[in-house]
Amino acid sequence: LEFKPGDVEKAPEGIFRSLYYCVITGYGAYISYFSGRYNFIQQPCEVYSSNVTWENYFEQEIPTDILSLYWIQFSYYLSGVYMELYMDKRRKDSTMMLLHHFVTLSLMYFSYMGRYLKHGCIIFFLNDISDAILETGKICVYFNNRGGVVRKYGDIFCNIIFFFFTVSWFYFRLYLFCVRLLHSSNWCAYIQRKIWRPRLYVFFNLLLWTLYIMQMIWSYVSCVLLQFMF
1 LEFKPGDVEK
11 APEGIFRSLY
21 YCVITGYGAY
31 ISYFSGRYNF
41 IQQPCEVYSS
51 NVTWENYFEQ
61 EIPTDILSLY
71 WIQFSYYLSG
81 VYMELYMDKR
91 RKDSTMMLLH
101 HFVTLSLMYF
111 SYMGRYLKHG
121 CIIFFLNDIS
131 DAILETGKIC
141 VYFNNRGGVV
151 RKYGDIFCNI
161 IFFFFTVSWF
171 YFRLYLFCVR
181 LLHSSNWCAY
191 IQRKIWRPRL
201 YVFFNLLLWT
211 LYIMQMIWSY
221 VSCVLLQFMF
């Protein structure tokens, strides 16, 4: 395929990630939104709607579809740590990616232990969409630069994908992350104090805010890149 020397190792990684994020985004969107079984995306406070009492809160049955989504995502991010350390080509943001993976794995673990599973589904839904667009855009760049030749129309197409990625990033990871996820984990938790576990609540929210700050840093980087494109 005559990939550039620097893209030979990155192209297979990008193709795998693109396929994964496209599939898992569709699966997560179906579970959280299109299946009709849950409405916590539309109504954030519904993450706490339950017929169980505090005494049997941690014994409640976990829905199979949500549990399967958790296991798939946990397996992927756990393998992502291994690949980032031992297999993937070292990049400038590799350290940040490792930190992101550890924070995400911690969020999944503690949300599972604290039964904040619907919060986890919101995180998956909001984050995976922009990741799917980003990884697809990277593949387009690798193919567009084959043979050391930058193709004009291919370059325009790559810029369009990056623009849509930036829009999706700001909308899903900054705006909706705040008005859906942080709203549900903070304000909704306060008004639903009957099933509120303070220790897990504080640590879980600390991880959420850490992830949000990291996404704000990456947002700044995206804005800097957009200045060079337009």
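230 is the number that the UniProt record's numbering gives the last residue of the sequence shown; the numbers go up by one with no jumps.
All C-beta atoms in this analysis are idealised placements derived from N, C-alpha and C, irrespective of residue type, glycine included.
Residue environment analysis places residue 185 among the buried positions, since at least 16 neighbouring C-beta atoms fall within 10 angstroms of its C-beta.
Here residue 41 really is in contact with residue 33; their C-beta atoms are around 5 Å apart, less than 8 Å. In the three-state reduction of the DSSP assignment, residue 186 falls in the helix class, which pools H, G and I. Restricting attention to alpha helix (DSSP H) runs no shorter than 4 residues, the stretch 63-107 encloses them at 64-86, ordered along the chain. Secondary structure at residue 46: helix, using DSSP grouped into helix, strand and coil. Going by C-alpha positions, residue 77 is about 31 Å away from residue 154. With a 10 Å radius around the Cβ and a threshold of 16 neighbouring Cβ atoms, residue 108 comes out buried. Taking 7 Å as the cut-off, the beta carbon of residue 131 is found no closer than this to the beta carbon of residue 30. Judged by DSSP secondary structure, residue 180 falls outside any alpha helix (DSSP H); it is assigned neither H nor E. Residue environment: residue 66 is assigned as buried (16 or more neighbouring CB atoms within 10 Å of its CB, all protein chains considered). Counting the other CB atoms within 10 Å of its CB gives residue 68 a total below 16, which places it among the exposed residues.
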